[in-house]
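First residue of the sequence shown? That's 51 in this note's numbering, and the numbers climb one at a time after it.
Let me begin by presenting the structure, written as structure tokens, before commenting on it.
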Amino acid sequence: MSVSKKDVEYVAELARLNFSEEEKQTLIGDLNSVLGYIDKLNELDTENVEIVVNPYYIENKFREDEIEPSLELKYVIKNAPASLEEYYMVPKVIE
């Protein structure tokens, strides 16, 4: 399997990115290089290798919830770039 120009253009459209022809060619080469490396990894014999999810055991350190006073709403809204009554106003991101 290899990455084509059509693949790069499709993913770029999904991500709403624009690339020049030179950048597209660079991406095609880079992505095909990554896929080549993955193919090389697939050649490894891992039949008798134990699955390791995380090599380091990390234990969560939980603490009790402590109720603390929070900021007053008027000070929070004061920090907003734009607000309407007690709500933050943000730019529209979905059309």
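Positions of the beta carbon are idealized from the N, C-alpha and C atoms, including for glycine.
These figures come from a predicted structure and were not determined experimentally.
Taking the Cα positions, residue 96 is about 29 Å away from residue 78. Annotation for residue 135: no alpha helix (DSSP H) segment contains it, and DSSP assigns it neither H nor E.
Annotation for residue 106: no alpha helix (DSSP H) segment contains it, and DSSP assigns it neither H nor E. Fully contained in the region 60 to 125 are the following alpha helix (DSSP H) runs of length 4 or more, in chain order: 71 to 92. Between residue 82 and residue 53, the CB-CB gap stays under 7 Å.
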